[in-house]
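Visitor:
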Amino acid sequence: MAARRYVVLLWLVSAVVPSSSFDQVPGCYVKPCIPGWVLYRDQCYRVTPQKLPFNEAETYCQGFANRNGKAHLASVHDEQENDFIVELASSAGIAGKDGWVWIGLTDQIVEGSFAWTDGTALSYVNWLPGAPSDGDYTAVRPMDKQWNDGYGNKRAMCKMPSFDFKGRVLKACIG
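Counting from 1, position 114 in the sequence shown corresponds to residue 358 in the working numbering; the numbering is continuous, with no gaps.
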């Protein structure tokens, strides 16, 4: 009960004290992602624990949200983000020539016109030679960091905005 009061008190203090003030408090650290998610830049990422068809994977991702937005299959906007996603997928055991992970790029609405499920602009692609072909959904293969379109069941990469309290980064204290 005392720990709960401490967390509530910390939350109340964080509402009136600038977050930078906590940087000097021993035992305090930034927690911008919910447990099980990994921070990269200002986004949180998670690999699904099971293989799913693309649309079910998108629904799974959308089951997670915070006040800054809902999760979607990951959109990828540059080579560095692609590298991060590949590394995270590899660390989750997705590897080899048959190891693929869904990302949120699809042309299921208009064939040949790919769009991200989160609605962000398409600014980067990393297709395998000869891709895309006739699949509606996009996956990345960590082995070579390249994308292909296809179908089937795969593990998936979810992405959502990192969490804050109206511009104040959520802090948690241990001790």
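From the three backbone atoms N, C-alpha and C, an ideal C-beta is built for every residue, glycine too.
Can you tell me which residues form a DSSP beta bridge with Lys341?
Guide: None, per the DSSP bridge assignment.
Visitor: Thinking C-beta only, is Val330 closer than 9 angstroms to Lys398?
Guide: No, the pair does not count as a contact, with Cβ atoms beyond the cut-off.
Visitor: Need the endpoints of the beta strand (DSSP E) that Asp393 sits in, please.
Guide: It spans 390–394 - the beta strand (DSSP E) in which Asp393 sits, taken as one unbroken run.
Visitor: Pair every Cβ in the stretch 310–318 with every Cβ in the stretch 368–375, then say whether three or more of these pairs are closer than 8 angstroms.
Guide: In short, these stretches do not touch, since the Cβ pair count stays below three.
Visitor: Counting beta carbon pairs with one atom in the stretch 281–290 and one in the stretch 377–384, are three or more of them shorter than 8 angstroms?
Guide: Touching, no, given that fewer than three Cβ pairs across the two stretches are closer than 8 angstroms.
Visitor: What is the DSSP secondary structure of Ala359, reduced to helix, strand or coil?
Guide: If DSSP states are grouped into helix, strand and coil, Ala359 belongs with the strands.
Visitor: Sort out for me which residues DSSP pairs Arg290 with in a bridge.
Guide: Looking at the DSSP assignment, Arg290 forms a beta bridge with Cys402.
Visitor: So, at 8 angstroms on beta carbons, what are the nonlocal neighbours of Asn326 in its own chain, with the 5 sequence-adjacent residues on each side left out?
Guide: Answer for Asn326: Val320, Tyr368, Asn370, Val384, Lys389, listed in chain order.
Visitor: Check this for me: beta carbons of Cys402 and Cys305, under 9 angstroms apart or not?
Guide: Yes, these two residues count as a Cβ contact at 9 angstroms.
Visitor: For Ser265, I'd like the list of residues in its chain whose CB is within less than 6 angstroms of its CB, leaving aside the five on either flank, ordered along the chain.
Guide: The pLDDT assigned to Ser265 is 39, lower than 50, so where the model puts this residue is not dependable; a value taken from the coordinates is nonetheless given after this. Correct list: empty, nothing qualifies.
Visitor: Taking the C-alpha atoms as reference points, what is the distance between Ile353 and Ala359?
Guide: If you take the alpha carbons of Ile353 and Ala359, they lie about 9 angstroms apart.
Visitor: So Ile347 and Thr382 are supposed to be a Cβ contact under 8 angstroms. How far apart are they, rounded?
Guide: That pair is a contact at about 6 angstroms.
Visitor: What does a CB cutoff of less than 6 angstroms around Lys295 pick up in its chain, not counting 5 residues either side in sequence?
Guide: Excluding positions up to five away in sequence, the list reads Asn397, Lys398, Arg399.
Visitor: Only counting the same chain, and skipping five residues up and downstream in sequence, which positions put a Cβ closer than 8 angstroms to that of Leu366?
Guide: Cβ within range, chain order: Leu349, Phe358, Ala359, Trp360.
Visitor: For Pro293, is the classification buried or exposed, using 16 other Cβ atoms within 10 angstroms of its Cβ as the cut-off for buried?
Guide: By the 10 Å Cβ count, Pro293 comes out exposed.
Visitor: Measure from the alpha carbon of Asp393 to the alpha carbon of each residue in Thr364, Val345, Gly363, Asp362, then state which is nearest.
Guide: Taking only the C-alpha atoms, the option nearest Asp393 is Val345.
Visitor: Which of the three DSSP states is assigned to Asn312 in this structure?
Guide: Reduced to three states, the DSSP call for Asn312 is coil.
Visitor: Taking the alpha-carbon of Asp363 as reference, which of Ala333, Lys341, Met387, Met404 has the nearest alpha-carbon?
Guide: The sequence given here has Gly at residue 363, not Asp. When only C-alpha atoms are compared, the closest one is Met404.
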